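Down below is the structure, laid out as structure tokens.
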Amino acid sequence: MSLELLRISASGSPAPGVRSTPTVTKLVDTSTCIGCKACEVACQEWNDLPPEPTTQTGTYQTLPNTTANFWNLIKFNEHSDQSGMFRWLMRKDQCMHCAEPGCLIACPAPGAIVQYSNGIVDFQQDNCIGCGYCITGCPFDVPKFSPLTRRVYKCTLCVDRVSVGLQPACVKACPTSCLEFGTKDAMLEVANRRVEQLKASGFTQAAVYDPPGVGGTGVVTVLAFGDQPELYGLPSNPTVPAAVTLWKGPLKWIGNLAMLGGLAVAAVHYVRFGRKEDPDKIPNPKDQIPNSTRAL
Amino acid sequence: MTQQAHGRVVRYTFRERAVHLAAALSYVYLLLTGLAFWTPAMYWLAVVLGGGYLSRVLHPWVGLLFSVAVAMMYAIWRRDMRTTDADRAWRKALLHYIRNEDAKVPPAGRFNFGQKQLFWIMVWGGLALLASGVVLWLVAAVPWELRALRYAAVLVHAAAALLTIAGFIVHLYMGLMVVPGGLSAILHGTVSERWARHHHPLWIKDDVQSQQ
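Quick note, the sequences are listed as chains Z and H, same order.
Letter by letter, the first sequence follows residues 91 to 386 in the working numbering.
Letter by letter, the second sequence follows residues 455 to 666 in the working numbering.
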């Protein structure tokens, strides 16, 4: 593997990565997405994913949600503003590749979730035990459990393509260039330029969605209604869930100390007080044995 | 309690011993695999027990077995486990009991106050583990809108497990290391009359009265 590891799930030892690699980022400009779904097709094709039965829910959206076999879904969020103007607020629903990945923090299986030095968060299904803790850890509802393999799947940011210098398949397929791929710095520059253009066009609330609560994300989104990410189905201030932080942080250390403390107390008690008297071995006065014999 | 030859009395019936054994074996499996999921330092336990994947598959089913065993123990023992005035007196002498100064400890019934506490820890802890465990088992089926359930489940499952582990450490240590005859009683069912009078004098007394 040409990419180094920055973090490894459930690993007590430091990750081996020492070389500095630029963080890669996918830019999604929702204002120029036309809902063509070329990215969905490209994702299914490149990753050789089996077809997912679609459901008609009264929208153009392919599926209600991403699945274990469908990692990239354009959400057709319907929105009418005060003037009654109808818009689709397209959103690319996929793994956000958080710098602080809640899935990786929650994962109990060594090496089942890794973060490469370029920021890509990837599931290693051969190490996955199917516990679903990553589902609890993710603030974006991304990891999806496959009942077939009892393992969890999500977007890889095409790490296999990126590691040999190619763009992710979805970016390659996008006909309007609303998807771009590059270093985080470069993508933020493009994103901020797009925000300025949107503001000049009257979308004064336009903003870049790169939530700091998860340390920023490897998928950065330009939102025309940047003050209301909820309209796009994005949480306004996502963080690793407090319960997961508590569970994998203080609770774990308090629990470990308590368990070791319990064993230590038992050991000290045994050395200090030892066994209780055995009533069956208290000599009965009726069958008193001579002292000389008892000494043996 | 049935008198047997050579001054031995039946402390646990076959039914009680079988249910206790089912609870004990399932608890140990749950403890070892649970510790493997709890911390990477203990993950080797899952490897020894057939791998993390198999441990994750079996842990919930064994959890159901443990729940059934605890429910049966509740049905069998819940009347015996009510706190009595004798227990309150016993509790005040807990330090004497810990220091093995048994002569200074007030008489206990069929179960002493400490045993009763373990029982209630396992009943309430087991209930919390079952409820949170079902959520963790079927976490993918919990809708996103109800994700608070997932967050509650990871915390409740860990906290309840730690509570039962505290009880389990004391229970195992007492039964194996401190009280001679304790392990034999729960495995084979009988104790000597002297053992019964020494550790559970009120049990012997009540039983004699009820037979008269």
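Beta carbons: idealized from backbone N, C-alpha and C, even for Gly.
Quick caveat, the model's predicted, so the values are computed rather than measured.
- Taking 3 residues as the minimum length, the segment 489-536 of chain H contains no beta strand (DSSP E) run wholly inside it.
- Annotation note: the segment 183-253 of chain Z contains the following uninterrupted alpha helix (DSSP H) runs of length 4 or greater, listed N- to C-terminal: 192-196, 223-227 and 249-252.
- Of the residues Z:309, Z:285, Z:101 and Z:102, the one whose Cα lies closest to the Cα of residue 210 of chain Z is Z:309.
- Non-local C-beta neighbours of residue 265 of chain Z in its own chain, meaning closer than 7 Å and more than five positions away in sequence, comprise 126 and 128, ordered along the chain.
- Listed along chain H, no residue sits closer than 7 Å to residue 181 of chain Z by beta-carbon distance, the nearest being about 15 Å off.
- Cα atoms of residue 519 of chain H and residue 591 of chain H: separation of roughly 15 Å, rounded to the nearest angstrom.
- As the crow flies, the alpha-carbon of residue 202 of chain Z is around 44 Å from that of residue 636 of chain H.
- Counting the other CB atoms within 10 Å of its CB gives residue 568 of chain H a total of 16 or more, which places it among the buried residues.
- Beta-bridge partners assigned by DSSP to residue 178 of chain Z: Z:168.
- Using a Cβ-Cβ cut-off of 9 Å, residue 478 of chain H does not count as an interface residue toward chain Z, since no Cβ of chain Z sits closer than that to its own.
- Taking residue 296 of chain Z as the centre and dropping the five residues before and after it, the same chain places the C-beta of 285, 288, 289, 314 and 316 closer than 6 Å to its C-beta, in chain order.
- If you ignore the 5 residues before and after residue 544 of chain H, its C-beta comes within less than 7 Å of the C-beta of 559, 560, 562, 566 and 567, all in its own chain and listed in chain order.
- In the three-state reduction of the DSSP assignment, residue 272 of chain Z falls in the strand class.
- Contact check between the segment 528-540 of chain H and the segment 622-638 of chain H: fewer than three CB pairs, one atom from each, fall below 8 Å, which does not count as touching.
- A Cβ of chain Z is located within less than 9 Å of the beta carbon of residue 556 of chain H.
- The C-beta of residue 491 of chain H comes closer than 9 Å to at least one C-beta of chain Z.
- Residue range 601-627 is occupied by the alpha helix (DSSP H) that includes residue 605 of chain H.
- For residue 631 of chain H, the chain Z residues whose Cβ falls inside 8 Å of its Cβ are 356, 360 and 365, in order along the chain.
- With respect to the 9 Å criterion, residue 477 of chain H and residue 524 of chain H are classified as neighbours on the basis of their beta carbons.
- By the criterion of at least three beta-carbon pairs nearer than 8 Å, the segment 237-244 of chain Z is in contact with the segment 203-223 of chain Z.
- According to the DSSP assignment, residue 310 of chain Z belongs to the beta strand (DSSP E) that extends over 309-313.
- The segment 112-140 of chain Z is shown to contain whole beta strand (DSSP E) runs of 3 or more residues at 114-119, in chain order.
- When Cβ-Cβ separations below 9 Å define contact, residue 505 of chain H makes contact with chain Z.
- Fewer than three beta-carbon pairs drawn from the segment 249-260 of chain Z and the segment 105-113 of chain Z are found closer than 8 Å, and the two stretches are therefore not classed as touching.
- Cβ proximity to chain H below 7 Å picks out 341, 342, 345, 346, 348 and 349 from the segment 338-349 of chain Z.
- The DSSP-derived three-state label of residue 651 of chain H is helix.
- Against residue 110 of chain Z, chain H offers no close residue; the least beta-carbon distance is about 26 Å (beta-carbon pairs closer than 7 Å).
- For residue 95 of chain Z, the beta-bridge partners assigned by DSSP are Z:206.
- For the set H:500, H:494 and H:564, the Cα lying nearest the Cα of residue 465 of chain H is the one of H:564.
- Distance check between residue 159 of chain Z and each of Z:143, Z:248 and Z:147 places Z:143 closest, using alpha-carbon atoms only.
- Checking the DSSP bridge columns, you'll see residue 160 of chain Z partnered with Z:157.
- Chain-ordered, the chain H residues with CB closer than 8 Å to the CB of residue 101 of chain Z read 494.
- Not one beta carbon of chain Z lies nearer than 9 Å to the beta carbon of residue 560 of chain H.
- Using a CB distance cut-off of 9 Å, residue 594 of chain H counts as an interface residue toward chain Z.
- DSSP places residue 330 of chain Z outside both helix and strand once states are collapsed to three, so it counts as coil.
- Residue-level contact by beta carbon fails for residue 658 of chain H and chain Z, as no gap is shorter than 9 Å.
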